[in-house]
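K.L.:
Just so you know, the protein sequences line up as chains A and B, in that order.
Quick note, the first sequence lines up with residues 1 to 174 if you use our numbering.
Quick note, the second sequence lines up with residues 175 to 348 if you use our numbering.
Take this structure, written in structure tokens, and hold onto it; I'll ask about it next.
Number of protein chains: 2
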Amino acid sequence: MEVIEAIQTRRSIRKYKKGMIPDEDLKKILTAAQLAPSAGNKQPWRFVVVREPEKINELAKIANNQMWIADASVVIAALAMDKGSPEIYPKWVERDVMIAVEHMVLAAWSLGYGSCWVGAFSEEKVKEFLGIPENMTVIVLLPIGIPDHKPEARPRKPLSEIFSSEKYGQTLKI
Amino acid sequence: MEVIEAIQTRRSIRKYKKGMIPDEDLKKILTAAQLAPSAGNKQPWRFVVVREPEKINELAKIANNQMWIADASVVIAALAMDKGSPEIYPKWVERDVMIAVEHMVLAAWSLGYGSCWVGAFSEEKVKEFLGIPENMTVIVLLPIGIPDHKPEARPRKPLSEIFSSEKYGQTLKI
């Protein structure tokens with residue numbers, strides 16, 4: 001699927017058909033994160049890939065009982081490395097994780113899978129459950145699965161509201 | 175261009191041929207940001223699109239004299255809204271801007287344009303120069319232009335280093 005089409009048609013998917021994502025496809029999705037740009041190429045991201053159904057069910061509970069997550073084929077916990085680490089740029093560590101996750105979202109969508117950024121969860125419980133070091137930050141849980149609904153596009157602010165031309169607040173004519 | 179191909183072939187482009195980006199293409203790139211997902215669909219991003227060559231030249235100076243920026247066709251300043259605003263989620267405001275910017279990076283690349291995340295600049299000077307309100311954060315300057323070099327891929331950490339399976343630190347076999 002073309003980039004522009006993927007961006008236009010992508011939806012946050014919160015209902016999945018039961019089924020596996022073949023390793024071949026999953027590897028493409030993970031590689032999309034691996035190839036994301038990052039400040040100074042520090043690649044300050046780590047991920048835990050959860051595929052065992054009982055574990056996914058537990059993550060759904062930890063994510064404020066959003067039980068639709070339990071039907072995902074995979075849940076990926078996206079982590080930012082320790083802000084005190086000399087290997088990273090503190091200002092960019094959380095930001096860069098965002099880029100890598102959206103690469104997975106778009107790659108998954110282009111292969112026919114749906115996903116949804118999940119930010120509501122107990123970070124402490126996710127860390128305990130997945131054995132994540134205390135000094136890392138859990139940025140997001142990303143369930144990925146086979147879409148079982150087709151949500152309408154959510155409303156978007158018009159280009160004229162979010163874009164200015166040459167100076168902030170000056171109308172962009174395009 | 176396909177999503178996976180765009181992600182695989184994308185490079186940070188720091189050398190541009192002189193030339194304009196037609197409005198039709200620029201609009202597709204801006205729309206890619208508009209359509210990005212955000213926490214609670216708050217769309218906490220704003221952008222200033224700079225196309226006047228003298229202004230772009232000035233931004234290159236403000237960006238620690240990275241004068242290669244001066245050859246870009248467009249520079250987009252990406253802003254996060256006021257963290258104190260009731261319209262946004264403070265935790266997500268900067269993060270969400272990252273998603274929107276990477277949508278532009280990939281959309282531009284798919285249309286044949288190169289770009290580069292630029293994080294090194296005097297935020298104060300960018301704000302003053304573009305008339306950006308004090309309470310917003312300048313996340314990044316994104317020059318976009320016609321590529322005039324083909325950089326090699328930067329090294330990436332192996333999947334086995336960045337991905338764990340089921341528990342943090344447990345080897346992912348894929």
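Ideal placement from N, C-alpha and C gives every residue a C-beta, glycine not left out.
Only a predicted model underlies this, so the values are computations on that prediction, with no experimental measurement involved.
(1) Using a Cβ-Cβ cutoff of 7 Å, what residues of the segment 324-341 of chain B are near chain A? List them in chain order.
(2) Between the segment 13-37 of chain A and chain B, which residues of the former have a C-beta closer than 8 Å to a C-beta of the latter?
(3) Measuring only the C-alpha atoms, how far is A:PRO143 from A:HIS149?
(4) According to DSSP, what are the bridge partners of B:SER339?
(5) With distances taken Cα to Cα, identify the nearest neighbour of B:ALA207 among B:LYS191, B:VAL248, B:VAL271, B:LYS265.
(6) Which runs of the beta strand (DSSP E) spanning at least 3 residues fall entirely within the segment 25-111 of chain A, listed in chain order?
(7) If you run the structure through DSSP and keep just helix, strand and coil, what is A:GLU2?
(8) Look at the Cβ atom of A:ALA78, then the Cβ atom of A:LYS28, and state whether they are nearer than 8 Å.
(9) Quick one, which residues of the segment 236-253 of chain B are near chain A if we go by CB-CB under 9 Å, in chain order?
(10) Per DSSP, which residues does B:THR311 bridge with? Please list them.
(11) Classify A:GLY169 as buried or exposed, calling it buried when 16 or more other Cβ atoms lie within 10 Å of its own Cβ.
(12) Would you please verify whether the beta carbon of B:LYS299 is less than 8 Å from any beta carbon of chain A?
(13) Look at the alpha carbon of B:GLU226 and the alpha carbon of A:VAL49, and state the distance between them as a whole number of angstroms.
(14) Between B:SER284 and chain A, is there a C-beta pair that is closer than 8 Å?
(15) Please report the residue range of the alpha helix (DSSP H) in which B:GLU297 lies.
(16) Return the bridge partner residues of B:THR345 from the DSSP annotation.
(17) List the residues of chain A that B:PHE221 touches, going by C-beta distances under 8 Å, in chain order.
(18) Between A:GLU166, A:ALA100, A:THR171, which lies nearest to A:SER160 when the distance is taken from Cα to Cα?
(19) So, for A:TRP109: in the same chain, excluding its five sequence neighbours on each side, which residues have a beta-carbon less than 8 Å away from its beta-carbon?
(20) At 9 Å on the CB atoms, spell out the chain A contacts of B:PRO307, in chain order.
(21) Could you check what DSSP says for A:ILE13 in three-state terms: helix, strand or coil?
(22) Do A:ILE69 and A:VAL118 count as a contact pair if the criterion is CB distance below 8 Å?
(23) With three or more beta-carbon pairs closer than 8 Å as the criterion, would you say the segment 246-262 of chain B touches the segment 301-311 of chain B?
(24) Under 7 Å Cβ-Cβ, which residues of chain B neighbour A:VAL3?
(25) Does chain A have any CB closer than 8 Å to the CB of B:ASN231?
(26) May I have the straight-line CA-CA distance separating A:THR31 from B:GLY193, to the nearest angstrom?
(27) Quick check: the Cα distance between A:LYS173 and B:ILE230, rounded to an integer number of angstroms?
(28) Would you report the Cα separation of B:ARG188 and A:GLU58, rounded to the nearest angstrom?
(29) Residues of chain B with a CB under 7 Å from the CB of A:MET98: which are they?
(30) Where does A:ILE7 sit, in a helix, a strand or coil, going by DSSP?
(31) So with CB distances below 9 Å, who are the chain B contacts of A:VAL118?
(32) Quick one: measure Cβ to Cβ for A:ILE76 and A:SER122, integer angstroms, because I've assumed they're closer than 8 Å.
(33) With a Cβ-Cβ cutoff of 8 Å, do B:TRP276 and A:GLU102 count as a contact?
(34) By how many angstroms is the C-alpha of A:SER73 removed from the C-alpha of B:ASP197?
P.N.:
Straight from the coordinates:
(1) ARG328, ARG330, LYS331, LEU333, ILE336, PHE337, SER338, SER339, GLU340, LYS341
(2) ASP23, LEU26, LYS27, LYS28, LEU30, THR31, ALA32, ALA33, GLN34, LEU35, ALA36, PRO37
(3) 15 Å
(4) A:VAL49
(5) B:VAL271
(6) 45-50, 74-80
(7) strand
(8) no
(9) ILE250, ALA251, LEU253
(10) B:ALA254
(11) exposed
(12) no
(13) 46 Å
(14) yes
(15) 297-304
(16) B:SER338
(17) ILE162, PHE163, SER164
(18) A:THR171
(19) MET1, ALA6, THR9, ARG10, SER115
(20) TYR168, GLY169
(21) coil
(22) yes
(23) yes
(24) MET175, VAL177, ALA180, LEU280, ALA281, SER284
(25) no
(26) 33 Å
(27) 18 Å
(28) 46 Å
(29) ARG269, MET272, ILE273
(30) helix
(31) Here the premise fails: no neighbours, minimum Cβ distance about 10 Å.
(32) Their Cβ separation, rounded to whole angstroms, is 17 Å, which puts A:ILE76 and A:SER122 out of contact at 8 Å.
(33) According to the sequence as given, residue 276 of chain B is Glu; it is not Trp. Cβ atoms of B:GLU276 and A:GLU102: closer than 8 Å.
(34) 41 Å
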